[in-house]
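First comes the structure, then the notes that go with it.
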Amino acid sequence: MRRPPSPGEIVDAAENLSRKQGHDNAGPLSWATGFTSAAPPVQRLPASHALWDEMAAELPGLYAGLRLRRRLESLPVLDAGPGALPDAFLQRAATVLGILVHAYHRVEPRHDTPTPASVLTPWHQVCARLGRDTPFLSYLDLVITNWRPSDPQDTSPARPLLVEDVRLLVPTVGTDEEQFFYLTQLEMLSRGTPLVAAAVDAHTAAAQEDARALTDRLLLMTECVREITALGLRKIDPRPGRRFHVDPVVWAKTVAPLAVPLVRHGLGPSGTASPMFHLLDAVIGRTGYRSFIGEEAGRLRANYPANWRAFIDSVAAADISGHAAATAHPPLHAALAGLRAVYAGENGLLARHRLKVAGYLNTSYRVGRDVTISGFPAAARVAGELAASRAERPAPPAPAPAPAGAAPAGEPSLPFSEVLRHDHAADRPWIVVDDGVYDVTGFLDRHPGGVAPLLSYLGTDATGIFEQLGHHRDKAVAARLRKLRVGRITRNDSEPYPSWLRWATELTRRGNAFPTDLSIREARTSLASQPAELTPYTLQFAIEAHERFHDRTYRDITGQLHHDLTGAPASPPPADPLSPHLYAALSTADPATLRRAEKLWREAITLDGLLLHTVRAALIAGLAHLESRTATPAVLLSHLTRVTTAATAYHHDLHTLAHTSGPAPAARTTAGRAGTP
């Protein structure tokens, strides 16, 4: 029986096929550039399909004016079959069409119409020709082949590809948030190029039972992963003023939604799809794929282009880690343990990646992002699933929790009613971790994850997220906390105190997030606009912030909160009377109409903020009475009456605003010309 090709033979064959065919449709794979293409990706389609290129070039402006959907609905259907579109242009077409299809559904999410045939039909053709069982926007489409040199004259850019030396080939909004987010992932993959040759050499060394050579290759891979973590991953930076700043709010609203699959549990361009992770998994001996992300990784790998799938399967079949473990050579054992540690260990690449993901998603969920590319509905679950996926890789055990240290003698006992007042608006914000209260005033701007993730928890108990992120095992974090400690929290588990505390905490966190949500109005949301410029796209986000407040916070105040604190059933709250009027203004680019809509929006968010402040203050006052044991039923009822009165006034004032804006035009319901993807 014929011997299966070795990893090195697969790389050689991939290079030969690429030279012969003049494209990398089977997946870019080479000695010199790893999993990235040797030459810059094709930048233009043939003249027969130039219309798609024109659409791609106009995307930032079409986003800013919310004109993209109408443009796509008016385009003709172009044939993408073999007789019309040569193979050399397939990957370019997959990138352009995949982005256009997703953009059609993500730019104005309140419209739910079928994908126009102008992009859906050729996209299906292109994906089928690339060997995909179902059409989907892949990591290859969105990241790996979606770049060009910053210098148009540079036909052979230096390697590794650095964020500062390349630009996105097909940006949607074109902002720094989009450029840095995707190009950092490209840089990390490019920095990982030496892993390809090292894995091939490791396979050869294992086959020849050369323990020293295998040790050297694993050490080389360790240094490569360490460099990717230190120099690549850090370039997605949430801290304002940094060179590669990616604002979490702008990212969550303008960049992240595009990549979410169009069908539930569909494939998408998740970072899990990066072939670098799959190659490292194969080398260190990962066998578990039962977690949610593990199963997703398996589905993504099964849909890899042929070269990638063959190469990674070949490396995995070699069982490099098993050979290393069975060899009586202590330096080899240490080298394997070192690679596992820098990749999947407590402070390795995956752990650092998890912290960064959790920071961005913690903010994004609080400003309206409902789901990730992988389909997770909550930030806490994402952190847990990433941890579960990392645990499926062999790695050194996590350290024990760092000792908190003895509480300072004579420190004050602080009730939650006092802590809750130290939120984002306080001069000195606090957080609670375990039994301690900490003043984080001077630490906020120095938080490695930026201000936004910590901001959400100011004035509340952050123990849960603290432990989910593994901070309780970090001795440096424990030492820093000791310096910030200002007291010991007092707890009360007797009802109704926990119910009042739960809602006071939740509304405090929403109050912390509300200004963050509104900050999008002052941001730059498209390359075609300026910071704080009033465009339909930016105003849409602003309106969504008010609508979200009404549909979540106002609904909770009049619904579940009312039920939990009074025991009485609550009738469903009425629909938001104002948002339809505001959305109607987006269909016109008339500046005067947009300004009138923005004026109404500003009045609406003032009402939102007033309701939140009033209800939160009433709950904190009730907590204080419960803590001092002066909370008679009449006293608690008086605080709940303030809540009810404020909610009633809020709804009345919104109705008044809606009346001043006149009747809302009927919503646009343009029908597409084809079925959904």
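Read in full-length UniProt numbering, the sequence shown has 163 at position 163, and its numbers run on one by one without any break.
Where is the CB? At the ideal position from N, CA and C, for every residue including glycine.
Source: prediction; values computed, not measured.
If we count the other Cβ atoms within 10 Å of its Cβ and call it buried at 16 or more, is residue i buried or exposed?
{"i": "V263", "result": "exposed"}
{"i": "N16", "result": "exposed"}
{"i": "D87", "result": "exposed"}
{"i": "Q153", "result": "exposed"}
{"i": "E164", "result": "exposed"}
{"i": "residue 684", "result": "What is shown of the chain runs 1 to 677, which leaves residue 684 out entirely."}
{"i": "Q21", "result": "exposed"}
{"i": "S150", "result": "exposed"}
{"i": "A426", "result": "exposed"}
{"i": "T254", "result": "buried"}
{"i": "H124", "result": "buried"}
{"i": "N347", "result": "exposed"}
{"i": "P377", "result": "Low confidence applies here, because P377 scores a pLDDT of 47, under 50, leaving its location unreliable and the question unanswered by this model."}
Could you tell me the boundaries of the alpha helix (DSSP H) in which residue i lies?
{"i": "W123", "result": "A117 to R129"}
{"i": "V643", "result": "P633 to T660"}
{"i": "R299", "result": "F292 to A302"}
{"i": "R552", "result": "Note, R552: premise wrong, no alpha helix (DSSP H); not H, not E."}
{"i": "V200", "result": "P194 to A207"}
{"i": "W251", "result": "Where W251 is concerned, there is no enclosing alpha helix (DSSP H), given that its DSSP letter is neither H nor E."}
{"i": "I320", "result": "I320 to A326"}
{"i": "T184", "result": "D176 to R191"}
{"i": "F514", "result": "Y497 to L518"}
{"i": "D12", "result": "P7 to Q21"}
{"i": "F311", "result": "A306 to A317"}
Report the option in the options whose CA atom is closest to the CA atom of residue i.
{"i": "R51", "options": "A38, K20, V173 and P122", "result": "Note that residue 51 corresponds to Leu in the displayed sequence, not to Arg. L51 has its Cα closest to that of P122, out of A38, K20, V173 and P122."}
{"i": "A282", "options": "Y457, A316, N307 and N303", "result": "A316"}
{"i": "H203", "options": "L280, H613 and H49", "result": "L280"}
{"i": "H278", "options": "S74, R393, T33 and T172", "result": "R393"}
{"i": "A100", "options": "A39, T172, L78 and T134", "result": "It is Leu, not Ala, that sits at residue 100 in the sequence shown. When each option's Cα is compared against that of L100, the closest is T172."}
{"i": "G384", "options": "D313, H424, A425 and L469", "result": "L469"}
{"i": "G192", "options": "L518, D141 and A32", "result": "A32"}
{"i": "R309", "options": "I620, A409, I10 and R428", "result": "I10"}
{"i": "R595", "options": "L640, L534 and I605", "result": "L534"}
{"i": "L586", "options": "V615, A542 and G609", "result": "A542"}
{"i": "A259", "options": "L219, Y139, R217 and T155", "result": "Y139"}
{"i": "A26", "options": "A39, L90, Y63 and A57", "result": "L90"}
{"i": "G459", "options": "L481, R428 and P448", "result": "R428"}
{"i": "A205", "options": "D653, A575 and A318", "result": "A318"}
{"i": "G622", "options": "W500, D576 and S571", "result": "W500"}
{"i": "I228", "options": "F244, A213 and L186", "result": "L186"}
Compute the Euclidean distance between the alpha carbons of residue i and residue j, then round it to the nearest angstrom.
{"i": "V170", "j": "R491", "result": "54 Å"}
{"i": "L607", "j": "G65", "result": "28 Å"}
{"i": "F35", "j": "L189", "result": "7 Å"}
{"i": "A592", "j": "R70", "result": "22 Å"}
{"i": "A400", "j": "D24", "result": "47 Å"}
{"i": "E418", "j": "H581", "result": "40 Å"}
{"i": "G345", "j": "R352", "result": "10 Å"}
{"i": "A589", "j": "E506", "result": "38 Å"}
{"i": "R19", "j": "L97", "result": "26 Å"}
{"i": "L183", "j": "L300", "result": "21 Å"}
{"i": "K77", "j": "L267", "result": "Checking the displayed sequence, the identity of residue 77 turns out to be Val instead of Lys. Going from the Cα of V77 to the Cα of L267 covers about 25 Å."}
{"i": "G61", "j": "G174", "result": "10 Å"}
{"i": "H518", "j": "A545", "result": "Checking the sequence shown, residue 518 turns out to be Leu, not His. Taking the straight line joining both Cα atoms gives about 7 Å."}
{"i": "L539", "j": "E295", "result": "39 Å"}
{"i": "D435", "j": "A334", "result": "40 Å"}
{"i": "T215", "j": "P248", "result": "41 Å"}
{"i": "A649", "j": "G359", "result": "36 Å"}
{"i": "V615", "j": "L565", "result": "13 Å"}
{"i": "R480", "j": "D493", "result": "29 Å"}
{"i": "L612", "j": "I605", "result": "10 Å"}
{"i": "G511", "j": "G609", "result": "8 Å"}
{"i": "P305", "j": "L59", "result": "28 Å"}
{"i": "L626", "j": "T645", "result": "22 Å"}
{"i": "S374", "j": "R290", "result": "Residue placement at S374 cannot be trusted, given a pLDDT of 48 that sits under 50; what the coordinates show is reported in the next sentence. C-alpha separation (whole angstroms): 15 Å."}
{"i": "residue 678", "j": "A452", "result": "Nothing about residue 678 can be reported from this structure: the residues present for the chain run from 1 to 677 only."}
{"i": "Y554", "j": "R521", "result": "22 Å"}
Tell me, which residues are paired with residue i by DSSP?
{"i": "I489", "result": "L414"}
{"i": "G34", "result": "S30"}
{"i": "D461", "result": "V432"}
{"i": "H245", "result": "D237"}
Terminal residues of the continuous beta strand (DSSP E) containing residue i?
{"i": "G436", "result": "G436 to D439"}
{"i": "R264", "result": "That residue, R264, is in no beta strand (DSSP E); it is neither H nor E in DSSP."}
{"i": "R148", "result": "W147 to P149"}
{"i": "L168", "result": "V166 to L168"}
Just to confirm, does residue i get its C-beta within under 6 Å of one of the non-hydrogen atoms of the ligand GTP?
{"i": "E15", "result": "Looking at this structure, you won't find the ligand GTP or any other ligand, since it has none at all."}
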